[in-house]
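Written out below as structure tokens is the structure these notes cover.
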Amino acid sequence: MSTIKDITTLEDWAQHLASLPPTTLLIISFHAPWAAPCAQMATVLSTLASEYPVTEPPSTSWVAIDAEELSDVSENYNVTAVPFLVLVRDGKVLETVSGSSAVKVRDAIETHAKGTSASAGPTVNGTNGIAASVEAKEVNTAPEDPVKKKEELFKRLGDLVKAAPVMLFMKGTPSEPKCGFSRQLVAILRENAVKYGFFNILADDEVRQGLKEYADWPTYPQLWVDGELMGGLDIVKEELASDPDFLKSYSVKADVAATS
Amino acid sequence: MATSQSPVEDIIREKCNKGEPRLNNSRRPVHQITAALQPSTLEIFNDSHLHAHHKAMEGSTSRETHFRLIITSDAFKSKMQPARHRLVYGLLKDEMAKEGGIHALQLRTMTPEEEEKRKQAENSA
């Protein structure tokens, strides 16, 4: 019955990394306290973790990291949005899962966890062979139901746009925007000290195309406020020009005022 | 700031002025939209040359990728900005969807009243 360990300092992180044997599958969950889907993901992960027995040497190691608190670690793993899962073994990143799809997360972990439990020799081939045929079957059934797939995508998008009170879907990341309009919008949000979540649509083509349809809006960046599409750069600029206090309630200062 | 005449610009002008009767896609009730904006102001700026060297434009030879539109129309009355922009996006849907078509549209959408207010603000500044 494995449990998830909260890593809160860089020292803890370094120590934990150093303690891991090369065969252990390290499961890193990046989260942010203000992002609702992260709470759901935490539940999904702790349930999953409980299915893996603690072994010696450990077959799996589960850690949770606040992406903003330990931003160095987030940057190291190119964390583009939260929740974000990184699977590592022997210092190498095997796979990452961005977003709140419990199915994707479970699949990824189960696929790579097999690597630890299989021992060298014929057993390995056997396990992989079975895994391959199971995966092949699953791949065949998925395309047969495109309607369901779209429904799931739209449900996922519905959750994603509400991941934070202010959500920016942009090209690139706030620290590395990949488009002039996205860069300008990030600058505007920063100037107004707005607290926001972001999603790099260049890193996820499914979201990139799906959100255009979901939002009935063909371009990026897209700013969503309280789950509703506000618009793009032009609109945000115009709204601010006509009302400088337009995003005031979402600013970092508002947060501070609320807690003091 | 030059308003260069070009095929895509002509299409934009025509669609904004005359609109386009077309059937809606399956997600909404099927009916004809004669979305003639009949704008009192329609300015089209081709900013493609400003973005030609950007990574996203690599491999593209088109000089009709980025446009800036300033539109004043009664059709925008009682519509919030996202709805107004959607109107314009809708008119130019085909141009935006096709390969090598319009990549980016900057829009300023105003009602005649808003345009007047803006002019006054600019004059007094």
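If you read the sequences in order, they're chains G and P. Position 108, counted from 1, in the first sequence is what UniProt numbering calls 108; the numbers after and before it change by one each time, with no gaps. Position 59, counted from 1, in the second sequence is what UniProt numbering calls 59; the numbers after and before it change by one each time, with no gaps. The C-beta atom is built at its ideal place from N, Cα and C for all residues, glycine as well. Here the structure is a predicted model, which means the values were calculated and not measured.
- Query: Listed in chain order, which residues of the stretch 73 to 85 of chain P have Cβ atoms closer than 8 Å to some Cβ of chain G?
  - Reply: Along the stretch 73 to 85 of chain P, going in chain order, the ones with a CB nearer than 8 Å to a CB of chain G are Q81, P82 and H85.
- Query: What are the residues that DSSP puts in a beta bridge with H49 of chain P?
  - Reply: Working through the second sequence from its first residue, we reach residue 49 of chain P at position 49. Answer is none; H49 of chain P lacks a bridge partner.
- Would you tell me roughly how many angstroms separate the C-alpha atoms of E191 of chain G and E51 of chain G, rounded to the nearest one? Taking the first sequence and counting its residues from 1, the one referred to as residue 191 of chain G is at position 191. Taking the first sequence and counting its residues from 1, the one referred to as residue 51 of chain G is at position 51. Per the coordinates, the alpha-carbon of E191 of chain G lies some 46 Å from the alpha-carbon of E51 of chain G.
- Task: Output the boundary residues of the alpha helix (DSSP H) element that contains D205 of chain G.
- Result: Stepping through the first sequence from its first residue, residue 205 of chain G is reached at position 205. Unbroken alpha helix (DSSP H) run through D205 of chain G: D205 to A215.
- Item | CB contact flag (F154 of chain G, V82 of chain G, <7 Å) | Against the first sequence, residue 154 of chain G aligns to sequence position 154. Against the first sequence, residue 82 of chain G aligns to sequence position 82. Contact flag unset, no.
- Cβ of I188 of chain G less than 7 Å from any chain P Cβ? Counting from one through the first sequence, the residue named residue 188 of chain G turns up at place 188. No - not a single Cβ of chain P is within 7 Å of the one on I188 of chain G.
- Note down the Cα distance separating F76 of chain P from Q38 of chain P, rounded to an integer number of angstroms. For the purposes of this step, residue 76 of chain P is identified with residue 76 of the second sequence, where counting begins at 1. For the purposes of this step, residue 38 of chain P is identified with residue 38 of the second sequence, where counting begins at 1. CA-CA distance, F76 of chain P to Q38 of chain P, rounds to 11 Å.
- Assign G49 of chain P to buried or exposed, taking buried as 16 or more other Cβ atoms, counted over all protein chains shown, within 10 Å of its Cβ. For the purposes of this step, residue 49 of chain P is taken as the residue at position 49 of the second sequence. Before going further, note that residue 49 of chain P is His rather than Gly in the sequence given. Classification of H49 of chain P: exposed, given that the 10 Å Cβ count is below 16.
- Spatially closest choice to S6 of chain P from P:L107, P:G90, P:D47 and P:K18, by CA coordinates: Translated into positions along the second sequence, residue 6 of chain P becomes position 6. Of P:L107, P:G90, P:D47 and P:K18, the residue nearest in Cα terms is P:D47.
- Based on the DSSP secondary-structure assignment, which residues constitute the bridge partners of S29 of chain G? Against the first sequence, residue 29 of chain G aligns to sequence position 29. Under DSSP, S29 of chain G forms a beta bridge with G:A64 and G:L85.
- Query: Can you find a C-beta in chain G that's less than 7 Å from the C-beta of M96 of chain P?
  - Reply: Position 96 of the second sequence holds residue 96 of chain P. Yes, because at least one Cβ of chain G sits closer than 7 Å to the Cβ of M96 of chain P.
- Message: If you reduce the DSSP assignment to three classes, tell me which class P37 of chain G lands in.
- Response: The residue you call residue 37 of chain G lines up with position 37 of the first sequence. It is helical.
- From K114 of chain G to W13 of chain G, what does the alpha carbon distance come to, in whole angstroms? Numbered from 1 along the first sequence, position 114 holds the residue referred to as residue 114 of chain G. Numbered from 1 along the first sequence, position 13 holds the residue referred to as residue 13 of chain G. Cα to Cα, the separation comes out at about 25 Å.
- Task: Inspect the beta-carbon positions of V161 of chain G and G227 of chain G and report whether they are closer than 7 Å.
- Result: In the first sequence, residue 161 of chain G corresponds to position 161, counting from 1. In the first sequence, residue 227 of chain G corresponds to position 227, counting from 1. It is a contact, given that the beta carbons lie within the stated cut-off.
- Message: the ligand SAH and I4 of chain G: does any heavy atom of the ligand fall closer than 6 Å to the residue's C-beta?
- Response: In terms of ligand content, the structure shown is empty, and the ligand SAH therefore cannot be addressed.
- Coil, strand or helix - R68 of chain P by DSSP: Translated into positions along the second sequence, residue 68 of chain P becomes position 68. In the three-state reduction of the DSSP assignment, R68 of chain P falls in the strand class.
- Express the C-alpha separation of T24 of chain G and E95 of chain G in angstroms, rounding to a whole number. In the first sequence, residue 95 of chain G corresponds to position 95, counting from 1. In the first sequence, residue 24 of chain G corresponds to position 24, counting from 1. Using only the alpha carbons, I get a separation of about 14 Å.
- Bridge partner(s) assigned by DSSP for A104 of chain P: The count along the second sequence starts at 1 and reaches residue 104 of chain P at position 104. In DSSP, A104 of chain P forms a bridge with P:H66.
- Query: In terms of residue numbering, what span does the beta strand (DSSP E) encompassing L6 of chain G cover?
  - Reply: As a position in the first sequence, residue 6 of chain G is number 6, starting the count at 1. The question names Leu, but residue 6 of chain G is Asp in the sequence shown. The continuous beta strand (DSSP E) containing D6 of chain G extends over residues I4 to I7.
- Item | Which of helix, strand or coil DSSP assigns to T173 of chain G | By 1-based counting over the first sequence, the position of residue 173 of chain G is 173. Here DSSP, grouped into helix, strand and coil, assigns T173 of chain G to strand.
- Query: Mind pulling the chain P residues with CB within less than 8 Å of G235 of chain G?
  - Reply: Locating residue 235 of chain G in the first sequence gives position 235, where the first residue counts as 1. It should be pointed out that residue 235 of chain G corresponds to Ile in this sequence rather than to Gly. Within 8 Å Cβ-Cβ: Q81, P82 and H85.
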